[in-house]
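*Asks:*
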Amino acid sequence: MNKIYSSIAAIALATAGLTSCFSDLDTMPIDDNQLVSEQVYSTADGYTGMLAKCYGSLILTGQKGGDGGDGDLEGANEGYSGYVRLLFYLQEMPTDNFLMPSSSNGLRKCLNLQWDASNAPVATWTYQRLYMTIAYCNEMLRECTEGKLRDRGLWDKLGSELTAYRAEVRFIRAYCYASLCDLFGGVPYIDENIGAKDVPEQMTRKQTFEYAESELKAIEADMKAPGQALYGRVDRVASWFLLSRLYLNAKVYTGEERYTDALTYAKKVIDEGGYPLARDYRDIFRADNEDCTEIIWPLVQDGQRAQSSAGTNFYVKAFVNGPMNELFVTGVGSRGWGNVRAKMTLVDAFDASDVAFDTADTWGDQKKDKRAQFMTALPNQKKETYDDNGAMTSTFTCGYGYIKWRNVDRNNQSAAQGEAYCSIDFPLFRTGEAYLTAAEAILRGASGGTRAEALSYVNEIRERAYMHGSYAKAGVRSDVSGAITDSELTLDFILAERQRELASELVRRTDLVRYDLLCKGKNWDWKDGVRDGQDVDTKYNLFAIPETELTNNPTLKQNPGF
Numbered sequence: 019m020n021k022i023y024s025s026i027a028a029i030a031l032a033t034a035g036l037t038s039c040f041s042d043l044d045t046m047p048i049d050d051n052q053l054v055s056e057q058v059y060s061t062a063d064g065y066t067g068m069l070a071k072c073y074g075s076l077i078l079t080g081q082k083g084g085d086g087g088d089g090d091l092e093g094a095n096e097g098y099s100g101y102v103r104l105l106f107y108l109q110e111m112p113t114d115n116f117l118m119p120s121s122s123n124g125l126r127k128c129l130n131l132q133w134d135a136s137n138a139p140v141a142t143w144t145y146q147r148l149y150m151t152i153a154y155c156n157e158m159l160r161e162c163t164e165g166k167l168r169d170r171g172l173w174d175k176l177g178s179e180l181t182a183y184r185a186e187v188r189f190i191r192a193y194c195y196a197s198l199c200d201l202f203g204g205v206p207y208i209d210e211n212i213g214a215k216d217v218p219e220q221m222t223r224k225q226t227f228e229y230a231e232s233e234l235k236a237i238e239a240d241m242k243a244p245g246q247a248l249y250g251r252v253d254r255v256a257s258w259f260l261l262s263r264l265y266l267n268a269k270v271y272t273g274e275e276r277y278t279d280a281l282t283y284a285k286k287v288i289d290e291g292g293y294p295l296a297r298d299y300r301d302i303f304r305a306d307n308e309d310c311t312e313i314i315w316p317l318v319q320d321g322q323r324a325q326s327s328a329g330t331n332f333y334v335k336a337f338v339n340g341p342m343n344e345l346f347v348t349g350v351g352s353r354g355w356g357n358v359r360a361k362m363t364l365v366d367a368f369d370a371s372d373v374a375f376d377t378a379d380t381w382g383d384q385k386k387d388k389r390a391q392f393m394t395a396l397p398n399q400k401k402e403t404y405d406d407n408g409a410m411t412s413t414f415t416c417g418y419g420y421i422k423w424r425n426v427d428r429n430n431q432s433a434a435q436g437e438a439y440c441s442i443d444f445p446l447f448r449t450g451e452a453y454l455t456a457a458e459a460i461l462r463g464a465s466g467g468t469r470a471e472a473l474s475y476v477n478e479i480r481e482r483a484y485m486h487g488s489y490a491k492a493g494v495r496s497d498v499s500g501a502i503t504d505s506e507l508t509l510d511f512i513l514a515e516r517q518r519e520l521a522s523e524l525v526r527r528t529d530l531v532r533y534d535l536l537c538k539g540k541n542w543d544w545k546d547g548v549r550d551g552q553d554v555d556t557k558y559n560l561f562a563i564p565e566t567e568l569t570n571n572p573t574l575k576q577n578p579g580f
């Protein structure tokens, strides 16, 4: 296992405690364990460590690891403040996928689509974490120049990596701006040339999109060739993937359709990327998924050396409770928290005959669709997410658990330190999504693609899900193909297929906004705080700019309706 972040938790940089947009690495720290700028960049390892920090800011939650204090975000609950855990609250909870009964830190407001600028701390922390990562990237770009490497006597060691380092960091920054564009709309522009005392100007949403797009295109040739980057770091395929995702949503972000571009870059991922679909869908979400061929950009987790209560530790523990470990090997023993369950709309997206959990077939080998991974076998468990009085409850038997994330390897063995922290790398980008992006772009009118091609992309995903044909494996049911006909191929079908394929992978809110279904036209459990759901104001297609940021920068304009 060659995970780049094996020592990132031990890197104590002077950027600790950053809460908003800037860091001052020239300030001498009180703590002797923290490093100042000239110390950090005096060695090649220091540069590598700062690069790792740019990546690690989307993975870890603080300077000590394992929720050990000294968290990244001042005033934030460290366990809650990890990036993919925060995105779960913003991208999955407001949708037809998952619920948490908790009302702390604004979770109930996210669940019910009732947030504003001050009542959803998890939205504020997401905004701050993305800008914190941008600040790390800007700092790296200021220090990683030919002149500074030569001045520090490091050119011979790092000169050959300079172009790739800078491209990777610009990619991470572009990703952060793309995420801010999606979640918050128009946001402040801050790059490596803006000083700590400058007041950043707010871009429009279209300008934010265009900045991310321009950066990704500018760095494409400088990124490592497909498959040439160290595991955990991005290569050129990641830039293609992010461009395809941006272009698929361009009409939402800018008012202009870019479906032909979405198809172009999705096809590059599929045809040129060198990240073929995993032979078994379930391999993508296991603790040894560093060997999975499909994952383009993993956020690397390690139960021993990259610990936090965010990341996939959350994705296993929050989705299971202690008694489930008696029914299948969760990889976390009895330490499951049991506070997330599937909404009925997610369960109903699958064939009802595939939903039930069989204690004699814990991986669902005999299901038709192997993606239908639910826990239904707890005593008195039911699909409904409310009790007999129609109220939301923390009782885990109200609503099914979703169990595609398991902290075990292919041999069903728990990962090292698994009961404390998980070792599943989070597949932030993977090829399966590109197949569905290409198909949707074609159906939305992209030139250069045919319905037959779109159908082939969808059916490839479904053949893999059903483990039919070339995906068949001994001992696993493969007699049903899962393939659909041309008459069944519609945009609505693709939306449902994305739900089946990508549930919990942090794109559902974006998908529903693109289909104009997040706020109106489709209802699910607890939308607007109502058991069966009801329409909400369309202002909830965006999150509010956090009140703290408006206070710090009075020039910012709030999103309409907040």
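For the sequence shown, the working numbering begins at 19 and goes up steadily by one.
From the three backbone atoms N, C-alpha and C, an ideal C-beta is built for every residue, glycine too.
Would you identify the three-state DSSP class for residue 399, choosing helix, strand or coil?
*Replies:* coil
*Asks:* Within 10 angstroms of its Cβ, does residue 409 collect 16 or more other Cβ (buried), or is it exposed?
*Replies:* Residue 409 should be labelled exposed.
*Asks:* Would you be able to state if there are at least three C-beta pairs under 8 Å between the region 489-509 and the region 232-239?
*Replies:* no
*Asks:* As a quick exercise: from 481, 55, 78 and 62, pick the residue whose alpha carbon is nearest that of residue 444.
*Replies:* 78
*Asks:* Of the choices 295, 274, 270 and 264, whose alpha-carbon is the least far from that of residue 280?
*Replies:* Ranking 295, 274, 270 and 264 by CA distance to the CA of residue 280 puts 264 first.
*Asks:* So residue 317 is in the beta strand (DSSP E); what residue range does that whole segment cover?
*Replies:* 313-317
*Asks:* Per DSSP, what kind of secondary structure is residue 236 in: helix, strand or coil?
*Replies:* helix
*Asks:* For the structure I just gave you, are there three or more beta carbon pairs, one from the region 415-433 and one from the region 330-343, closer than 8 Å?
*Replies:* yes
*Asks:* Using the Cα positions of residue 125 and residue 138, report the straight-line distance between them to the nearest angstrom.
*Replies:* 7 Å
*Asks:* Could you name the residues of the same chain whose beta carbon sits closer than 8 Å to that of residue 219, not counting the 5 residues immediately before and after it, in chain order?
*Replies:* Residues of the same chain with a CB within less than 8 Å of the CB of residue 219, apart from the 5 flanking positions on each side, are 206, 207 and 573 in chain order.
*Asks:* Just to confirm before moving on: does the CB-CB distance between residue 88 and residue 517 stay below 9 Å?
*Replies:* no
*Asks:* Mind reading off the beta-carbon distance from residue 257 to residue 284? Whole number of angstroms is fine, and I expect it under 8 Å.
*Replies:* Residue 257 to residue 284, Cβ: 13 Å. No contact.
*Asks:* Starting from residue 448, follow the beta strand (DSSP E) in both directions and report where the run begins and ends.
*Replies:* 444-448
*Asks:* Look at residue 147 and residue 99 and say whether their C-beta atoms are less than 9 Å apart.
*Replies:* yes
*Asks:* Could I get the ranges of all uninterrupted beta strand (DSSP E) runs contained in the region 409-489, with 3 residues as the minimum, in chain order?
*Replies:* Correct list: 444-448.
*Asks:* How would you call residue 40, buried or exposed, if buried means at least 16 neighbouring beta carbons within 10 angstroms?
*Replies:* Caution is warranted here: a pLDDT of 32 is assigned to residue 40, below 50, making its placement in the model unreliable, and the coordinate value is therefore given only provisionally. Looking at its Cβ environment, which holds 16 or more other Cβ atoms inside 10 Å, residue 40 is buried.
*Asks:* In this structure, how does DSSP classify residue 34 when only helix, strand and coil are distinguished?
*Replies:* Bear in mind that a pLDDT of 34 at residue 34, under 50, signals an unreliable position, so the number given afterwards is only what the model happens to contain. Here DSSP, grouped into helix, strand and coil, assigns residue 34 to coil.
*Asks:* So the alpha helix (DSSP H) residue 198 belongs to, where does it begin and stop?
*Replies:* 180-202
*Asks:* Going by other Cβ atoms of all chains shown within 10 Å of its Cβ, with 16 needed for buried, is residue 370 buried or exposed?
*Replies:* exposed
*Asks:* So what's residue 206 in DSSP terms, helix, strand or just coil?
*Replies:* Strand, per DSSP.
*Asks:* What are the boundary residues of the alpha helix (DSSP H) that includes residue 536?
*Replies:* That residue, residue 536, is in no alpha helix (DSSP H); it is neither H nor E in DSSP.
*Asks:* Going by DSSP in three states, residue 542 sits in which element: helix, strand or coil?
*Replies:* coil
*Asks:* So what does DSSP say about residue 381, is it helix, strand or coil?
*Replies:* coil
*Asks:* Determine the closest residue to residue 132 out of 487, 90 and 552, with distance taken between C-alpha atoms.
*Replies:* 552
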